[in-house]
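Below is one structure, written out as structure tokens; the observations come after it.
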Amino acid sequence: MRHTEICIVGGGPAGLTAALRAAALGAAVLLIDRNDYLGGQLIKQTHRFFGSKQQRASERGINIARELAYAVQEEEKITVLTEATALGYYKDGVVLVEQNEKIIKIKPKKLIVATGGAEKTLLFPNNDLPGVYGAGAVQTLVNVYGVKPGKRVLMVGAGNIGVIVSYQLLQAGVEVAGIVEAAPRIGAYWVHASKVVRAGVPIYTSHTIKRAWGESEVEGATIVQLDENWQPIEGTEKDFDVDVICLSVGLSPLTELLWQAGCKMEFVPELGGRVPVRNENLETSVPGIYVAGDVSGIEEASAAMMEGALAGLNAARALGYNAPDLLQRKAEILKELEGLRSGPVGEKIRTGLAKVTC
Amino acid sequence: MLAQNGVPAPEDLAEVMPSEERLARGPVAMAECFQNIPCDPCYHSCRRQAIKPFSDINDRPQIDHELCNGCGMCLSRCPGLAIFVIDQTYGEKEALVKIPYEYLPLPGEGDVVEAVNRAGETVGEARVAKVQSGAKLDGTAIVWLVVPRELSMEVRHFKIKGGR
Chain A
1 MRHTEICIVG GGPAGLTAAL RAAALGAAVL LIDRNDYLGG QLIKQTHRFF GSKQQRASER
61 GINIARELAY AVQEEEKITV LTEATALGYY KDGVVLVEQN EKIIKIKPKK LIVATGGAEK
121 TLLFPNNDLP GVYGAGAVQT LVNVYGVKPG KRVLMVGAGN IGVIVSYQLL QAGVEVAGIV
181 EAAPRIGAYW VHASKVVRAG VPIYTSHTIK RAWGESEVEG ATIVQLDENW QPIEGTEKDF
241 DVDVICLSVG LSPLTELLWQ AGCKMEFVPE LGGRVPVRNE NLETSVPGIY VAGDVSGIEE
301 ASAAMMEGAL AGLNAARALG YNAPDLLQRK AEILKELEGL RSGPVGEKIR TGLAKVTC
Chain B
359 MLAQNGVPAP EDLAEVMPSE ERLARGPVAM AECFQNIPCD PCYHSCRRQA IKPFSDINDR
419 PQIDHELCNG CGMCLSRCPG LAIFVIDQTY GEKEALVKIP YEYLPLPGEG DVVEAVNRAG
479 ETVGEARVAK VQSGAKLDGT AIVWLVVPRE LSMEVRHFKI KGGR
């Protein structure tokens with residue numbers, strides 16, 4: 001049995017920041033991640049981030065990942081386990097972890113769950129053909145491994161991820177035939193959309209994918225226009241010769257550990273599905289278990305980093321660690337987070353959070 | 359319509375376009391940022407305080423075209439690649455459009471490329487006057503395109519001939 005003060009599950013933006021902030025207060029942290037690298041989704045984010053200067057806006061996610069991972073590895077109070085998968089959480093507060101085909105039992109005083117999200121999929125005929133990918137998988141292939149998923153892609157979903165991954169496909173020299181979006185409006189920031197549109201990629205709002213076709217792999221796709229009730233309009237079908245269909249239709253929080261721990265969960269569509277009820281300190285209904293990042297509601301990396309910072313500070317504080325300016329540090333982060341969520345594009349998040357924050 | 363197809367409408371553009379009179383006096387930046395999103399690096403990048411202070415991180419950039427000298431510092435800092443510099447005094451009949459560009463290969467100076475508008479359509483030809491790149495720009499090159507003056511408010515992208 002390994003004992004630690006704080007165990008953090010997930011080494012993405014939220015987990016890394018939580019580890020750094022908790023360790024800075026003096027807490028001993030054990031950070032585990034199932035990948036063989038730290039950084040989570042940040043390592044695929046080759047584009048510049050939005051946000052404020054304090055939130056490292058205009059920096060590229062991949063550089064933020066390197067910096068955070070380096071700082072974590074330099075920090076003596078933090079122990080990192082990579083290629084380590086959290087398998088379960090037990091009644092006696094033990095986190096069961098598998099690493100190198102061995103089981104490790106971890107008994108932390110506080111647990112921060114920063115497991116992130118998983119991609120959703122979409123139902124349509126032939127969606128099981130090879131060549132149908134999630135946008136995250138495509139981004140991993142292209143930006144992490146330098147592998148093109150195919151020659152010509154149809155992107156489904158014009159949210160930020162769909163549009164950004166389309167842009168990154170263009171950068172990698174892959175053709176993007178178009179972006180299909182069922183909603184009547186582009187969900188991505190319009191500047192992202194304008195970037196791919198001027199590069200020759202049309203965006204079809206109020207359209208959805210009707211079917212994929214192909215014998216043993218994707219050879220094409222048919223899209224169809226939707227009316228104001230989201231019903232297909234007959235006769236508006238368009239065919240695309242593509243060998244890749246990329247699905248970017250949202251994420252859902254990866255909450256298994258929270259369910260096992262008995263955390264109170266609520267279904268909040270604005271946050272991507274079932275999410276934990278939490279207080280202002282990001283502590284769930286189970287005392288000592290904190291959440292940060294997409295697991296607590298699908299948002300984006302800047303918010304995840306700030307939530308991580310808060311969870312890290314709060315967990316360390318609960319262990320008795322303190323700093324003269326702790327309250328001020330927390331207040332500053334809360335203010336930045338509020339600013340980030342305050343505009344029209346943050347409305348969905350605000351609505352969702354109001355339902356689960358007590 | 360921007361929200362439907364990603365192409366800003368003429369009335370959107372009219373709102374952020376420098377005046378004819380200002381354009382006639384030399385290079386100036388134009389921020390094609392039409393949505394209130396939480397983002398402010400452009401404000402911090404400007405050394406002349408030509409981009410007005412944000413009272414809220416969700417404000418849109420307001421460029422004071424009188425203070426702006428078209429230096430282009432903001433171009434490579436905008437995560438949306440939405441700021442351009444236009445110089446209508448570049449030549450007798452030619453204008454210069456500076457474009458933030460993140461594709462490889464970069465064009466060569468002197469190359470003639472296809473001039474592309476906001477909708478992705480080729481509208482003419484452009485000559486590459488200069489390419490700024492390097493570590494300081496962190497992967498966002500600035501390509502100086504010489505275009506016929508009447509296209510200076512149209513051209514916002516380019517295609518290398520025979521390429522993408």
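First to last, the protein sequences are chains A and B.
Residue numbering for the first sequence follows this note's numbering, beginning at 1 and increasing consecutively.
Residue numbering for the second sequence follows this note's numbering, beginning at 359 and increasing consecutively.
Cβ atoms here follow ideal geometry from the backbone N, Cα and C, with glycine treated the same way.
Cβ of residue i within 8 Å of any chain A Cβ
{"i": "B/H402", "result": "yes"}
{"i": "B/Q393", "result": "yes"}
{"i": "B/N416", "result": "yes"}
{"i": "B/A361", "result": "yes"}
{"i": "B/V365", "result": "yes"}
{"i": "B/L484", "result": "Before going further, note that residue 484 of chain B is Ala rather than Leu in the sequence given. It does not: the Cβ of B/A484 has no partner Cβ on chain A nearer than 8 Å."}
{"i": "B/V443", "result": "no"}
{"i": "B/V505", "result": "no"}
{"i": "B/V471", "result": "no"}
{"i": "B/V481", "result": "no"}
{"i": "B/R438", "result": "Note that residue 438 of chain B is Gly in the sequence shown, not Arg. Yes, its Cβ sits closer than 8 Å to a Cβ of chain A."}
{"i": "B/G478", "result": "yes"}
7 Å CB neighbourhood of residue i in its chain, flanking five on each side removed
{"i": "B/P376", "result": "V386, M388 and H423"}
{"i": "A/G220", "result": "W213, G214, D239, F240, D241 and V242"}
{"i": "A/K330", "result": "L310 and L313"}
{"i": "A/A318", "result": "K110"}
{"i": "B/P396", "result": "I415 and N416"}
{"i": "B/Q407", "result": "L425"}
{"i": "A/W230", "result": "A182"}
{"i": "B/A367", "result": "M359 and L360"}
Reference residue i; option with closest CA among the options
{"i": "A/T79", "options": "A/S58, A/P269, A/I62 and A/A23", "result": "A/A23"}
{"i": "A/V180", "options": "A/K151, A/Q171, A/G150 and A/R211", "result": "A/R211"}
{"i": "A/N281", "options": "A/G262, A/A18, A/K148 and A/E76", "result": "A/A18"}
{"i": "B/D414", "options": "A/R2, A/V356, A/L340 and A/I203", "result": "A/L340"}
{"i": "B/K379", "options": "B/T447, B/L360 and B/V489", "result": "Reading the sequence as shown, one finds Glu at residue 379 of chain B and not Lys. The residue with the shortest Cα to Cα distance from B/E379 is B/T447."}
{"i": "B/Q393", "options": "A/V144, A/T357, A/L353 and A/V345", "result": "A/V345"}
{"i": "A/I112", "options": "A/Q168, A/L337 and A/E283", "result": "A/E283"}
{"i": "B/D370", "options": "B/A382, B/C391 and B/Q362", "result": "B/C391"}
{"i": "B/P458", "options": "A/T85, A/V95, A/I203 and A/R48", "result": "A/R48"}
{"i": "A/I245", "options": "A/A183, A/L257, A/I32 and A/V174", "result": "A/V174"}
{"i": "A/I289", "options": "A/R152, A/S302 and A/L257", "result": "A/L257"}
{"i": "A/Y189", "options": "B/L495, B/A453, B/A473 and B/L439", "result": "B/L439"}
{"i": "A/N322", "options": "A/H3, A/T4, A/A27 and A/G15", "result": "A/A27"}
{"i": "A/W259", "options": "A/Q328, A/G162, A/G88 and A/V132", "result": "A/G88"}
{"i": "B/R435", "options": "A/D92, A/R60 and A/E336", "result": "A/R60"}
{"i": "A/V97", "options": "A/G262, A/V286 and A/L30", "result": "A/L30"}
{"i": "A/L16", "options": "A/N279, A/A114, A/T46 and A/G93", "result": "A/A114"}
{"i": "B/I444", "options": "B/R418, B/A372, B/L381 and B/M431", "result": "B/L381"}
{"i": "A/S194", "options": "B/L454, B/A477, B/Y461 and B/C400", "result": "B/A477"}
Distance cut-off 7 Å: residue i Cβ against heavy atoms of the ligand HEM
{"i": "A/T121", "result": "Absence of the ligand HEM from the depicted structure is noted, as is the absence of any ligand whatsoever, leaving it without description."}
Residue i at chain B interface by Cβ criterion, 8 Å
{"i": "A/Y189", "result": "yes"}
{"i": "A/I64", "result": "no"}
{"i": "A/E57", "result": "The question names Glu, but residue 57 of chain A in the sequence shown is Ala. Judged by the 8 Å Cβ criterion, A/A57 is in contact with chain B."}
{"i": "A/Q171", "result": "yes"}
{"i": "A/H3", "result": "no"}
{"i": "A/I408", "result": "Residue 408 of chain A lies beyond the range of chain A shown here (1 to 358); nothing can be said about it."}
Close beta carbons around residue i, own chain, < 6 Å, minus the five adjacent residues each side
{"i": "A/H207", "result": "V180, I223 and Q225"}
{"i": "A/L122", "result": "L247 and V249"}
{"i": "A/V369", "result": "Since the first and last residues shown for chain A are 1 and 358, residue 369 of chain A lies out of range."}
Segment contact flag, the stretch 3-12 of chain A with the stretch 423-433 of chain B, C-beta cutoff 8 Å, min 3 pairs: As far as the Cβ criterion goes, the stretch 3-12 of chain A does not touch the stretch 423-433 of chain B, which means the pair count is below three.
Residues from the stretch 370-398 of chain B in contact with chain A, defined by Cβ distance under 9 Å: From the stretch 370-398 of chain B, only E390, C391, F392, Q393, N394, I395, P396, C397 and D398 have a Cβ closer than 9 Å to chain A.
Contact residues within the stretch 340-352 of chain A, judged by C-beta distance below 9 Å to chain B: When CB distances to chain B are screened at a threshold of 9 Å, the residues of the stretch 340-352 of chain A falling below it are L340, R341, S342, G343, P344, V345 and G346, in chain order.
Members of the stretch 188-222 of chain A that neighbour chain B once the beta carbon cut-off is set at 9 Å: Against chain B - using a Cβ distance shorter than 9 Å - the residues of the stretch 188-222 of chain A are A188, Y189, W190, V191, H192, A193, S194, K195, V196, V197, R198, A199, G200, V201, P202, I203, Y204, T205 and S206.
Near-chain A residues of the stretch 445-467 of chain B (beta-carbon distance less than 7 Å), N- to C-terminal order: Result list: E460 and Y461.
Three CB pairs or more closer than 8 Å across the stretch 161-178 of chain A and the stretch 131-149 of chain A: Contact holds: three or more Cβ-Cβ distances are below 8 Å.
Members of the stretch 26-57 of chain A near chain B, C-beta cut-off 9 Å: Result list: T46, H47, R48, F49, F50, G51, S52, K53, Q55 and A57.
Contact between the stretch 342-358 of chain A and the stretch 266-278 of chain A (3+ Cβ pairs under 8 Å): Yes: the two stretches touch, three or more of their Cβ pairs being nearer than 8 Å.
Positions along the stretch 488-513 of chain B whose CB lies within less than 9 Å of some CB in chain A: Within the stretch 488-513 of chain B, the residues whose Cβ lies closer than 9 Å to some Cβ of chain A are D496, G497 and T498, listed in chain order.
Contact set between the stretch 405-435 of chain B and chain A, restricted to residues whose Cβ is under 8 Å from the partner: Here the close residues are D414, I415, N416 and R435.
Stretch-stretch touch, CB-based, cutoff 8 Å, three pairs: the stretch 116-132 of chain A with the stretch 93-107 of chain A: Verdict: no, contact absent.
The stretch 56-66 of chain A touching the stretch 29-44 of chain A, judged by at least three CB pairs closer than 8 Å: In this structure the stretch 56-66 of chain A touches the stretch 29-44 of chain A; the number of beta carbon pairs closer than 8 Å is three or more.
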